[in-house]
Amino acid sequence: MNDAAPDWPPPVIDSAVPSTARVYDALLGGRDNFPVDREAAAIFEALVPQAREVFRLNRSALVRGIRYMVGQGGIDQIIDVGCGLPAELNTHEAAQEINPETRVVYIDNDPMVLSHGRALLADDRTTTVVTADLREPSGILANPDVRANLDFDRPVGLMLVGMIMQIADDESPDEIIAHLMEPLASGSHLFITAWPDTGEPIQRALSQACLETLGNGWCRPVERLERHFQGMPMIAPGLEYVSRWFPAEPDREVPAAGDLEPFQRTVMAGIAVKP
Ligand code: SAM
């Protein structure tokens, strides 16, 4: 990021307040963040010393889920809601390694994602970035860029990776997901990663770090996370800790549940398919 440029950051980007996208970028070792984001990242690491590993686990699950949806699930159009800032291997890159024609609509409510995403995608005819808010699903579904880039008569992969924990209970995350899934064709995939609360102190510490620095970020009982999937059939192994979640890589060595370190019990992933 060119911090030194006189017109950077533009007024739409508030560099005095940490943002989820930028704090996550800082924890992943990226450069698209401000001092205030790095201070927030330090609070994460103080409360959860393995915070960087936790977010890398989430990121590797993101890539595995995309490879499954495109490779095995036959998905060739994806809506990635809460996509975040460009990272090492982005959704369209992971998808297009398998099917170069995969279309991806990136959605985020952070204006910095739009500015950096557009720069990354300048030459990509199959991919676009939209600023929209998950809490207004009708706006996402009606967005002209979403409609122009995706064919709702065919299956879509809806990704809510590393973001549903930012929607409060009183903002009705399950209703939002149902609203988004409703117009999607049979065979559409719903791919979520989320934070479980099984009583492990580290799970609550992660949530506390997020709430203290960003004002949102809730871990939830596993039964609550299962409800995100709307009762749709799940791809094996169902909702599982990301270290044990391997739909695209059946040969990967998977640790036994009892062998997981506490930090490996902070993020779960699952993919459901609309009947
Ligand atoms: N999906 C990426 C991943 O898992 O690597 C990035 C996850 S990052 C932790 C969460 C992203 O969700 C941030 O970029 C944040 O700006 C975005 N976000 C948070 N609340 C949102 C909302 N209500 N609508 C759209 N995006 C949102």
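The opening residue of the sequence shown carries number 5 in this note's numbering; numbering runs sequentially from there.
Even for Gly, the Cβ is constructed at its ideal location relative to N, Cα and C.
For clarity, every value in this text was computed on a predicted model and none was experimentally measured.
*Can you tell me whether Leu215 is buried or exposed, with buried defined as 16 or more other CB within 10 angstroms of its CB?*
The residue in question, Leu215, is exposed, as its Cβ has fewer than 16 Cβ neighbours within 10 Å.
_Gly161 - partner residues in DSSP beta bridges_ = Paired residue(s): Ile82 and His193.
_Using 8 Å as the cut-off, can you tell me whether the segment 47-60 makes contact with the segment 176-185, which would need three or more C-beta pairs spanning the two stretches below that distance?_
Verdict: no, contact absent.
_Same chain, Cβ closer than 7 Å to Pro14, five either side skipped, listed in chain order_ = Sequence-distant partners of Pro14 (beyond 5 residues in either direction) whose C-beta falls short of 7 Å from its own C-beta are missing from its chain.
*Buried or exposed: where does Ala44 fall if 16 or more other Cβ atoms within 10 Å of its Cβ makes it buried?*
By the Cβ-count criterion, Ala44 is buried, with 16 or more other Cβ atoms from all chains shown falling within 10 Å of its own Cβ.
_Cβ separation of Ala172 and Trp222, assumed to be a contact under 8 Å, to the nearest whole Å_ = With a beta-carbon spacing of about 7 Å, Ala172 and Trp222 fall inside the 8 Å limit used to define contacts.
*Just how far apart, CA to CA, sit Gly33 and Val52?*
Rounded to whole angstroms, Gly33 to Val52 spans 16 Å at the Cα level.
*Could you pull the start and end residues of the alpha helix (DSSP H) that Arg208 belongs to?*
In the DSSP assignment, Arg208 falls within the alpha helix (DSSP H) that extends over Pro205 to Leu218.
*Can Gln170 be considered in contact with the ligand SAM, in the sense that its beta carbon sits closer than 7 Å to one or more heavy atoms?*
Answer for Gln170: yes, Cβ within range of the ligand SAM.
_Considering only their Cβ atoms, is the gap separating Ile70 from Thr95 smaller than 8 Å?_
Yes, they are a contact pair.
*Measure the beta-carbon distance from Ala25 to Asp114 and round it to whole angstroms, keeping in mind my assumption that it falls under 8 Å.*
The pair is a contact, with the Cβ atoms about 4 Å apart (cut-off 8 Å).
_Cα-Cα separation between Ala260 and Met116, rounded to whole angstroms_ = One Cα belongs to Ala260, the other to Met116, and the distance between them is close to 40 Å.
*Three-way DSSP call (helix, strand, coil) for Ile47 in this model*: In the displayed model, Ile47 falls within a helix according to three-state DSSP.
_If the criterion is Cβ atoms closer than 8 Å, does the pair Glu253 and Ala273 meet it?_
No, the Cβ-Cβ distance between Glu253 and Ala273 is not below 8 Å.
*asked:* Give me the residue from Ala98, Ile102, Ala46 and Gln76 with the minimum Cα distance to Gly191.
replied: With distances taken between CA atoms, Gly191 lies nearest to Gln76 out of Ala98, Ile102, Ala46 and Gln76.
*What are the complete beta strand (DSSP E) segments, minimum 3 residues, inside the segment 124-162?*
Fully contained in the segment 124-162 are the following beta strand (DSSP E) runs of length 3 or more, in chain order: 131-135.
*asked:* With a threshold of 7 Å (Cβ to nearest heavy atom), would Cys223 be considered close to the ligand SAM?
replied: It does not: the Cβ of Cys223 is nowhere closer than 7 Å to a heavy atom of the ligand SAM.
*So Leu154 and Gly86 are in contact, right, with Cβ under 8 Å, and what is the actual spacing, rounded?*
In this structure Leu154 is not in contact with Gly86, their Cβ atoms being roughly 17 Å apart against a cut-off of 8 Å.
*Three-way DSSP call (helix, strand, coil) for Asp29 in this model*: Helix, per DSSP.
*asked:* Suppose you measure from the CA of Ile17 to the CA of Gly121; what does that come to, to the nearest Å?
replied: Rounded to whole angstroms, the separation of the alpha carbons of Gly121 and Ile17 is 14 Å.
*Is Thr135 closer than 8 Å to Arg107 when the C-beta atoms are compared?*
Taking 8 Å as the Cβ cut-off, Arg107 and Thr135 do not qualify as a contacting pair.
*Along the alpha helix (DSSP H) that carries Arg63, what are the first and last residues, could you check?*
Looking at the DSSP string, the run of the alpha helix (DSSP H) that includes Arg63 is Ala55 to Arg71.
_Distance between Ala240 and Pro251 (C-alpha atoms, nearest Å)_ = Between Pro251 and Ala240, the alpha-carbon positions lie close to 7 Å from each other.
*asked:* What would DSSP say about Ala273, mapped onto helix, strand or coil?
replied: Ala273: strand per DSSP, three-state reduction.
*asked:* Rounding to the nearest angstrom, what Cα-Cα distance links Met238 and Glu230 in this structure?
replied: Take the alpha-carbon of Met238 and the one of Glu230: they are about 10 Å apart.
*Pull up the DSSP beta-bridge partners for Pro200, would you.*
DSSP lists Arg224 as partners of Pro200.
*Which residues bound the alpha helix (DSSP H) around Asp178?*
Residues Pro177 to Met185.
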